[in-house]
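Just remember that this note's numbering sits 15 ahead of the position in the sequence shown, which is counted from 1.
Glycine residues also receive a C-beta, built at the ideal position from the N, C-alpha and C atoms.
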Amino acid sequence: MPFFEHGNIRIYCDDFLKTEAIEPNSIDLIVTSPPYDVDIKYENYDDSIPYDQYLEFTEKWLSKCYELAKPDGRFCLNIPLDKNKGGQQSVCADITTIAKKVGWKYHATIIWNEQNISRRTAWGSWMSASAPFVIAPVEVIVVLYKERWEKMKKGKSDITRDEFIEWTNGVWNFSGENRKKIGHPSPFPVELPKRCIKLFSFVGDLVLDPFLGSGSTLIACLETNRAGIGVEINKGYCELAVKRLIKHGILNRKLDEILAQTSNP
């Protein structure tokens with residue numbers, strides 16, 4: 016039973032690996048930012064586990080995402096390029112390799128220039144060639160697909176000419192989200208899923224975020240007239256996501272009626 020449901024927006028307070036609420040082969044687009052294993056303090060997840068265990072966990076949820084996606088389903092995966100806490104690790108390369116191992120096919124990588132170098136906390140050997148750290152203040156969105164890249168059915172796109180030109184450039188420049196303002200240790204801005212949704216899905220498509228967090232992906236679904244499912248293990252974050260959806264006017268709109276209108280020429 017959903018924790019929250021209104022129109023075609025649903026939130027499940029559940030462990031994504033255990034939930035049976037989502038039908039296999041039903042999802043058009045997955046957009047998520049999973050736990051990063053960079054020692055971020057989540058309430059229900061240890062984000063500082065050994066890296067090999069983190070990759071084992073990653074393989075499990077990537078496999079489940081693959082099962083839930085339609086044959087022409089797509090996946091936008093927001094992850095770090097690399098990490099330096101607890102030892103240097105090529106996070107993007109490792110997770111992309113695992114994604115391909117479980118069946119996902121690679122399409123592209125988008126660089127998200129978060130324009131925030133203030134997060135830097137380590138320099139290695141300061142002003143010395145002894146052991147300096149090189150840190151890229153960017154994250155990536157790895158774009159994957161299940162069986163075929165071209166959509167099997169035509170649908171209604173709502174992306175503008177200027178958006179299409181800008182967003183098909185593989186470097187996106189916009190600011191991150193303020194964790195204190197949102198109330199979540201690692202929120203991503205609505206702009207990120209909104210771009211992914213408008214660029215890689217049709218109006219009325221079903222979008223999934225298996226690690227919903229503060230609810231940014233469902234807010235983007237609301238703003239772009241997509242159906243959305245979010246799964247989040249932490250009840251407090253589910254409540255936060257609902258509050259943000261209400262703030263964005265979900266109770267003032269009937270999404271299924273909007274979808275019916277937009278599907279008619």
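Is the shortest distance between the beta-carbon of E82 and the beta-carbons of chain B less than 8 Å?
Checking the listed chains, one finds no chain B in this structure; it contains a single protein chain.
Within its chain, find whatever has a CB closer than 6 Å to the CB of E162; leave out the 5 residues flanking it on each side and keep chain order.
Position 147 of the sequence shown holds residue 162. Hits under 6 Å: P86.
Kindly indicate which three-state DSSP category Q68 falls into: helix, strand or coil?
By 1-based counting over the sequence shown, the position of residue 68 is 53. In the structure shown, Q68 sits in a helix (DSSP, three-state: H, G or I).
Sequence-distant residues of the same chain with beta carbon closer than 6 Å to S140, five excluded per side
Numbered from its first residue, the sequence shown carries residue 140 at position 125. Same-chain partners within the cutoff: A146, P147.
What is the rounded straight-line gap between the Cα of T47 and the Cα of L223?
The residue given as residue 47 occupies position 32 in the sequence shown. The residue given as residue 223 occupies position 208 in the sequence shown. So the alpha carbons of these two residues sit roughly 8 Å apart.
Excluding the five sequence neighbours on either side, which residues of its own chain have a C-beta within less than 7 Å of the C-beta of K79, listed in chain order?
Mapped onto the sequence shown, residue 79 falls at position 64. Non-local beta-carbon contacts of K79 in its own chain, meaning distances under 7 Å to residues more than five positions away in sequence, involve F31, L32 in chain order.
Residue closest to V157, alpha-carbon to alpha-carbon, out of I261, E165, V106:
Working through the sequence shown from its first residue, we reach residue 157 at position 142. By alpha-carbon distance to V157, the top candidate from I261, E165, V106 is V106.
Give a yes or no on whether the C-beta atoms belonging to C236 and C91 are separated by under 8 Å.
What you label residue 236 is simply residue 221 of the sequence shown in a count that begins at 1. What you label residue 91 is simply residue 76 of the sequence shown in a count that begins at 1. No, these two residues do not count as a Cβ contact at 8 Å.
Coil, strand or helix - A151 by DSSP
Here residue 151 is taken as the residue at index 136 of the sequence shown, counted from 1. A151 falls in the coil class under three-state DSSP.
4-residue-minimum alpha helix (DSSP H) runs that sit fully inside the segment 195-247, ordered along the chain:
Entirely contained in the segment 195-247, the alpha helix (DSSP H) runs reaching 4 residues are, in chain order, 206-215, 231-239.
Quick check: what's the CA-CA separation for G191 versus P95?
By one-based count along the sequence shown, residue 191 stands at place 176. By one-based count along the sequence shown, residue 95 stands at place 80. Each residue's CA atom was taken as its position, placing G191 and P95 some 13 Å apart.
In terms of residues, what are the limits of the beta strand (DSSP E) holding V106?
As a first step, residue 106 must be located in the sequence shown, where it is residue number 91. No beta strand (DSSP E) holds V106; the alpha helix (DSSP H) holding it covers 106-116.
Spatial neighbours of T34 within its chain, please: C-beta separation below 7 Å, excluding the five flanking residues on both sides.
Along the sequence shown, one-based indexing puts residue 34 at 19. Closer than 7 Å at the Cβ level, and outside the excluded window around T34, lie Y27, V246.
What does DSSP give as the partner residues of R304 in its beta bridges?
Past the edges of the chain, shown from 16 to 280, lies residue 304, and the structure says nothing about it.
Given G170, which residues of its chain have a CB within under 6 Å of its CB, disregarding the five upstream and five downstream residues?
Mapped onto the sequence shown, residue 170 falls at position 155. Excluding sequence positions up to five before and after G170, its CB lies within less than 6 Å of the CB of F217, all in the same chain and listed in chain order.
When DSSP builds the beta bridges, which residues end up paired with R25?
For the purposes of this step, residue 25 is taken as residue 10 along the sequence shown, with counting starting at 1. Per DSSP, E20, I244.
Limits of the alpha helix (DSSP H) - the one that W182 falls within
To locate residue 182, count along the sequence shown from 1; it is residue 167. W182: member of the alpha helix (DSSP H) spanning 176-182, first to last residue.
Which residues mark the beginning and the end of the alpha helix (DSSP H) in which G14 is found?
Residue 14 lies beyond the range of the chain shown here (16 to 280); nothing can be said about it.
Among the residues of its own chain, which have a CB less than 7 Å from the CB of A256, if the five just before and after it don't count?
On the sequence shown, position 241 is the one that residue 256 refers to. Cβ neighbours of A256 beyond the five flanking positions: I26, L227, S229, G230, L233, G245, E247.
Just mark I24 as buried or exposed, buried being the case when its beta carbon has 16 or more other beta carbons within 10 Å.
Numbered from its first residue, the sequence shown carries residue 24 at position 9. It is buried - the Cβ of I24 has at least 16 other Cβ atoms within 10 Å.
CB of L70 within 8 Å of CB of A114, strictly
Locating residue 70 in the sequence shown gives position 55, where the first residue counts as 1. Locating residue 114 in the sequence shown gives position 99, where the first residue counts as 1. Taking 8 Å as the cut-off, the Cβ atoms of L70 and A114 do not count as close.
How big is the Cα-Cα spacing for R241 and G219?
Here residue 241 corresponds to residue number 226 of the sequence shown, with the count starting at 1. Here residue 219 corresponds to residue number 204 of the sequence shown, with the count starting at 1. Taking the straight line joining both Cα atoms gives about 4 Å.
Quick check: Y81 and V117, are their CB atoms within less than 8 Å of each other?
Here residue 81 is taken as the residue at index 66 of the sequence shown, counted from 1. Here residue 117 is taken as the residue at index 102 of the sequence shown, counted from 1. With respect to V117, Y81 sits close: the two C-beta atoms are nearer than 8 Å.
Report the three-state DSSP secondary structure of K120 (helix, strand or coil).
Your numbering for residue 120 matches position 105 in the sequence shown. Collapsing the DSSP output to three states places K120 in a strand.
According to DSSP, is L92 part of a helix, a strand, or is it coil?
Numbered from its first residue, the sequence shown carries residue 92 at position 77. In this structure, DSSP gives L92 an extended state, which the three-state scheme calls strand.
Where DSSP assigns a beta bridge to I265, which residues make up the other side?
As a first step, residue 265 is located in the sequence shown; it is residue number 250 there, counting from the start. Assignment of beta-bridge partners to I265 by DSSP yields no partner.
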